[in-house]
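Protein chains in written order, with my numbering: chain A, 7 to 307; chain B, 48 to 265.
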Amino acid sequence: MSLSSILVIFLAVFCGGLLVSLVLFLGGLIKQMESQAQLSIFFNDSANEEQIKQARNILVKSSELISVNYISKQQALELYTSQYQHEPMLVESVSAEIFPASLDIRAKNLASLNSLSDFLSAGDLSQEQLLFFSSSLGLLETDVNSLSAVKPLIEEVAYYKDLASKVNYWLKVTRWAGLGLLGLLVGVSILVVLVTIGLSVRGSKEEISIMKLVGATDHYVQGPYLCQGSLLGFFGACLSLAASGALVPLFFSWLSPLWQELSWSAPAWWLIASLALGELVLGAGLGCLGSWIAVKRYSRA
Amino acid sequence: MLVFDQVTKKYPNGGFNLDNISFTVTPGEFVFVTGHSGAGKTTLLRLLIRDFLPNHGEIFFGDTNITGLKRRQLPSWRRQVGVVFQNYCLLPLKTAYENLALVLRVGGKTEKEISLIIPSLLETVGLANRQNAFPQELSGGEQQRLAIARAISYNPPLLIADEPAGNLDKDSAWQVFGLFDLVNQWGTTVLVATHDEVLVKKTKKREIRLNNGRLVDS
């Protein structure tokens, strides 16, 4: 029974650790994606450099945007050729004229890019809409009006928000499903510890009733059982830490290409230490709680 | 002074276990509580250790209102009452020494103090050479003497015993009552519940007689 208690607590703590790690990882991933998310405004051939730079100068005033870069037709060609430098067939036949000039925009968060995308795709703006975009983009109303004048020069707005939205969705699913699973495992852990310690308490019922009759306090009677339960939980948590220690490096090496892509570094040591400590506390706490219920339930003399 | 003031304890089915009992016991007195089986002797003793509460009335020992004690105060009160049961209530998997040590540990005595107290306790009850014996290796009389040693380990001001000689032969019973008499001479108030009227008459101690939960003589 003690072994099953340890194993169930191990499962609960391991899943808890996994859940917290996943939530932290996905949260970090979203922040990373948000900071790297980019909206590109491609201009048609009727737009000249001065008009595009004028639009850029307005956007630069926004407190919600991190950067607004002008990419000329020539620069677009250079980017293309550097990207496909190992495929001469693709580079040979292209000239700067076929690439549109653009503005590459990065924002502090996805909401600002969403707002900008909505603004650029909207037709004539009502006064309410004008106020809304002015506040969400961190621009003056006059600036928003000036920016509206550039809309006819826009060929296309490219904004890939789907991926970030999907990660966000999976973060929510993971959080709720994980919490549900964790709740279930916590319940089962407490039940198994309750039965394990309960058997022990029932076996010592005579001893407990004699101890109470000779003046033992509740703490004196319950103490050994609470320690026993806490130790079972602690061992379960240690097992979980050992399993995490073996699996996490594998996980990191498996995902290393993704880390490089996202220029995402490993979590800080204090975060790992806090997580480990949290797992130990959770394990011991589960064991202690199960024992406490068992002692309360079976030691009434 | 032990005071029972109009104490009533009813059975769950409505009958009376103790019906409006009032009496006093002066400090250092030795009193027998007598009556046939079911008269209410055990109920009276269990009320004293607050195993349960009366339906009506109050019980005092000195300044302590036993019926008014809070749950957290019970351990402290129970350490002031030595209790001896008919079936000894010894822990079968612990030696005589360990049975006594457990009670002393509960009261917060150190291992060093325990190692000094136990030999003298065992000496007092005539079990000096049996400290490593398990209860099942002791005779009935020896087990009861060990239970008495446990009950007096704190020098309690009140010692209560429920049919302590119920399972003993006459010689062992006299040994046990001899011990109660000794403890009483030290100044401890002793209350012994028994139905052995011959023994009560021979010892010429005060008798509180119960009949069907009522006090018929005190």
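We put the beta carbon where it would ideally sit given N, CA and C, even for glycine.
Next item on the list: State yes or no: is the C-beta of Ile47(A) within less than 7 angstroms of the C-beta of Ala107(A)?
Entry: As a working note, residue 47(A) is residue 41 in the first sequence. As a working note, residue 107(A) is residue 101 in the first sequence. Cβ distance not < 7 angstroms, so Ile47(A) and Ala107(A) don't count as in contact.
Checklist line | chain B contact for Gly221(A) (CB, 7 angstroms cutoff) | finding: Taking the first residue of the first sequence as 1, we reach residue 221(A) at position 215. So yes, Gly221(A) belongs to the interface.
Next item on the list: Flag this pair as yes or no: are the beta carbons of Gly260(B) and Asp66(B) separated by less than 7 angstroms?
Entry: The count along the second sequence starts at 1 and reaches residue 260(B) at position 213. The count along the second sequence starts at 1 and reaches residue 66(B) at position 19. A contact, by the Cβ cut-off of 7 angstroms.
Checklist line | Member of Leu13(A), Leu292(A), Ala18(A) and Val156(A) whose CA lies at the smallest distance from the CA of Leu185(A) | finding: Here residue 185(A) is taken as the residue at index 179 of the first sequence, counted from 1. Closest option to Leu185(A), Cα to Cα, is Ala18(A).
Checklist line | Contacting positions in the region 234-254 of chain B - beta carbon closer than 7 angstroms to chain A | finding: none
Next item on the list: Run the CB neighbour count on Arg197(B), radius 10 Å, all protein chains shown included, and call it buried at 16 or more, exposed below.
Entry: For this step, residue 197(B) is matched to residue 150 along the second sequence. With 16 or more Cβ atoms within 10 Å of its Cβ, Arg197(B) is classed as buried.
Notebook entry, point to check: Straight-line CA distance for Ser246(A) to Leu191(A)?
Noted result: Taking the first sequence and counting its residues from 1, one reaches residue 246(A) at position 240. Taking the first sequence and counting its residues from 1, one reaches residue 191(A) at position 185. Rounded to whole angstroms, the gap between the alpha carbons of Ser246(A) and Leu191(A) is 14 angstroms.
Next item on the list: Run down chain B in chain order and give the residues with a C-beta less than 7 angstroms from the C-beta of Tyr226(A).
Entry: As a working mapping, residue 226(A) is identified with position 220 in the first sequence. Neighbours of Tyr226(A) on chain B, chain order: Val153.
Next item on the list: Tell whether a beta-carbon distance below 7 angstroms holds between Val237(B) and Phe224(B).
Entry: Looking up residue 237(B) in the second sequence gives position 190. Looking up residue 224(B) in the second sequence gives position 177. Against a cut-off of 7 angstroms, the Cβ pair of Phe224(B) and Val237(B) comes out as no contact.
Notebook entry, point to check: Roughly how many angstroms lie between the CA atoms of Ser206(A) and Lys156(B), to the nearest whole one?
Noted result: As a working note, residue 206(A) is residue 200 in the first sequence. As a working note, residue 156(B) is residue 109 in the second sequence. Their Cα atoms are separated by approximately 26 angstroms.
Next item on the list: Compare the C-beta of Val150(B) against all C-beta atoms of chain A and say whether one is closer than 7 angstroms.
Entry: As a working mapping, residue 150(B) is identified with position 103 in the second sequence. Val150(B) counts as touching chain A.
Check: With respect to the beta strand (DSSP E) encompassing His103(B), which residues constitute its N-terminal and C-terminal limits?
Finding: Position 56 of the second sequence holds residue 103(B). Run containing His103(B): His103 to Phe108, per the beta strand (DSSP E) assignment.
Next item on the list: Taking only runs that begin and end inside the region 63-147 of chain A, name each unbroken alpha helix (DSSP H) of 4 or more residues, in chain order.
Entry: The qualifying runs are 79-89, 94-98, 116-127 and 133-143.
Next item on the list: Quick one: which unbroken alpha helix (DSSP H) runs of 4-plus residues sit fully inside the region 272-305 of chain A? Chain order, please.
Entry: When DSSP assignments are scanned along the region 272-305 of chain A, the uninterrupted stretches of alpha helix (DSSP H) that are 4 or more residues long and fall wholly within it turn out to be 275-304.
Next item on the list: Count the other CB atoms, across all protein chains shown, that sit within 10 Å of the CB of Arg192(B); report buried if there are 16 or more and exposed otherwise.
Entry: Here residue 192(B) refers to the residue found at position 145 when the second sequence is read from its first residue. Looking at its Cβ environment, which holds 16 or more other Cβ atoms inside 10 Å, Arg192(B) is buried.
Check: What is the rounded straight-line gap between the Cα of Lys157(A) and the Cα of Leu126(A)?
Finding: Counted from its first residue, the first sequence places residue 157(A) at position 151. Counted from its first residue, the first sequence places residue 126(A) at position 120. Approximately 7 angstroms between the Cα atoms of the pair.
Margin query: Please list the terminal residues of the continuous beta strand (DSSP E) segment that includes Tyr165(A).
Written below: Sequence index remark: in the first sequence, residue 165(A) carries index 159 (1-based). For Tyr165(A), the enclosing beta strand (DSSP E) stretches over residues Ile160 to Tyr165.
Notebook entry, point to check: Gly266(B) and Thr55(B): beta carbons closer than 7 angstroms?
Noted result: With chain B covering only 48 through 265, there is no way to say anything about residue 266(B).
Item checked: Proximal residues, the region 76-99 of chain B versus chain A, C-beta separation under 7 angstroms -> Of all residues in the region 76-99 of chain B, only Ile96 place a beta-carbon less than 7 angstroms from a beta-carbon of chain A.
Margin query: Under 7 angstroms, CB to CB, which of the residues in the region 124-148 of chain B have a partner in chain A?
Written below: Arg125, Arg126, Val130, Cys136 and Leu138
Next item on the list: Check each residue of the region 204-217 of chain A: if its Cβ is closer than 9 angstroms to any Cβ of chain B, include it; give the result in chain order.
Entry: Glu212, Glu213, Ser215, Ile216 and Met217
Notebook entry, point to check: Can Val153(B) and Ala300(A) be called in contact, C-beta distance under 7 angstroms?
Noted result: As a working mapping, residue 153(B) is identified with position 106 in the second sequence. As a working mapping, residue 300(A) is identified with position 294 in the first sequence. Against a cut-off of 7 angstroms, the Cβ pair of Ala300(A) and Val153(B) comes out as no contact.
Notebook entry, point to check: In three-state DSSP terms, what is Gly260(B)?
Noted result: Reading the second sequence from its first residue, position 213 is the one you call residue 260(B). Correct three-state label for Gly260(B): coil.
Next item on the list: Tell me whether the beta-carbon of Ser140(A) lies closer than 7 angstroms to the beta-carbon of Glu134(A).
Entry: If you number the first sequence from 1, residue 140(A) lands on position 134. If you number the first sequence from 1, residue 134(A) lands on position 128. By the CB criterion at 7 angstroms, Ser140(A) and Glu134(A) fall outside the cutoff.
Next item on the list: In angstroms with no decimal places, state the Cα-to-Cα distance between Ala307(A) and Leu91(B).
Entry: The residue you call residue 307(A) lines up with position 301 of the first sequence. The residue you call residue 91(B) lines up with position 44 of the second sequence. Here Ala307(A) scores only 46 on pLDDT, less than 50, and its place in the model is too uncertain to base an answer on.
Next item on the list: Determine the burial state of Gly23(A): buried for a count of at least 16 other Cβ atoms within 10 Å of its Cβ, exposed for fewer.
Entry: Translated into the one-based positions of the first sequence, residue 23(A) becomes position 17. Gly23(A) comes out buried.
Checklist line | Leu261(A) versus Cys21(A) - alpha carbon distance | finding: For this step, residue 261(A) is matched to residue 255 along the first sequence. For this step, residue 21(A) is matched to residue 15 along the first sequence. The straight-line gap from Cα to Cα measures roughly 20 angstroms.
Margin query: I'd like the span of the alpha helix (DSSP H) that includes Gln44(A), first residue to last.
Written below: For this step, residue 44(A) is matched to residue 38 along the first sequence. Note, Gln44(A): premise wrong, no alpha helix (DSSP H); beta strand (DSSP E) at Gln44 to Phe49.
Notebook entry, point to check: When the distance is taken between beta carbons, is Phe108(B) closer than 7 angstroms to Lys252(B)?
Noted result: Here residue 252(B) is taken as the residue at index 205 of the second sequence, counted from 1. Here residue 108(B) is taken as the residue at index 61 of the second sequence, counted from 1. No, they are not a contact pair.
Next item on the list: Starting from the C-beta of Lys338(A), find all residues in its chain whose C-beta is less than 6 angstroms away, skip the five residues before and the five after it, and write them out in chain order.
Entry: Any answer about residue 338(A) is impossible in this case: the structure gives chain A only from 7 up to 307.
Item checked: Nonlocal neighbours in the same chain, by C-beta distance under 6 angstroms from Ile321(A), ignoring five residues either side -> For residue 321(A) there is no data in the structure shown, the boundaries of chain A being 7 and 307.
Check: Excluding sequence positions up to five away, which residues of its chain have a Cβ less than 8 angstroms from the Cβ of Ala82(A)?
Finding: For the purposes of this step, residue 82(A) is taken as residue 76 along the first sequence, with counting starting at 1. Only Ala102, Phe105, Pro106, Ala107 and Ser108 meet the Cβ criterion.
Check: Would you say Gln44(A) and Asp110(A) are within 7 angstroms of each other, going by their C-beta atoms?
Finding: In the first sequence, residue 44(A) corresponds to position 38, counting from 1. In the first sequence, residue 110(A) corresponds to position 104, counting from 1. Cβ atoms of Gln44(A) and Asp110(A): closer than 7 angstroms.
Item checked: Chain-order list of residues whose beta-carbon lies under 7 angstroms from that of Lys67(A) (same chain, five-residue window excluded) -> To locate residue 67(A), count along the first sequence from 1; it is residue 61. Here the set comprises Leu145 and Asp149.
Next item on the list: For the region 68-85 of chain B and the region 282-299 of chain A, state whether three or more C-beta atom pairs, one from each stretch, are separated by less than 8 angstroms.
Entry: No, because fewer than three Cβ pairs between the region 68-85 of chain B and the region 282-299 of chain A fall closer than 8 angstroms, the two stretches do not touch.
Margin query: Going by DSSP in three states, Ala307(A) sits in which element: helix, strand or coil?
Written below: Here residue 307(A) refers to the residue found at position 301 of the first sequence. Summary for Ala307(A): the model assigns pLDDT 46, below 50, so the residue's position carries little reliability; its value from the coordinates is reported in the next sentence. Reduced to three states, the DSSP call for Ala307(A) is coil.
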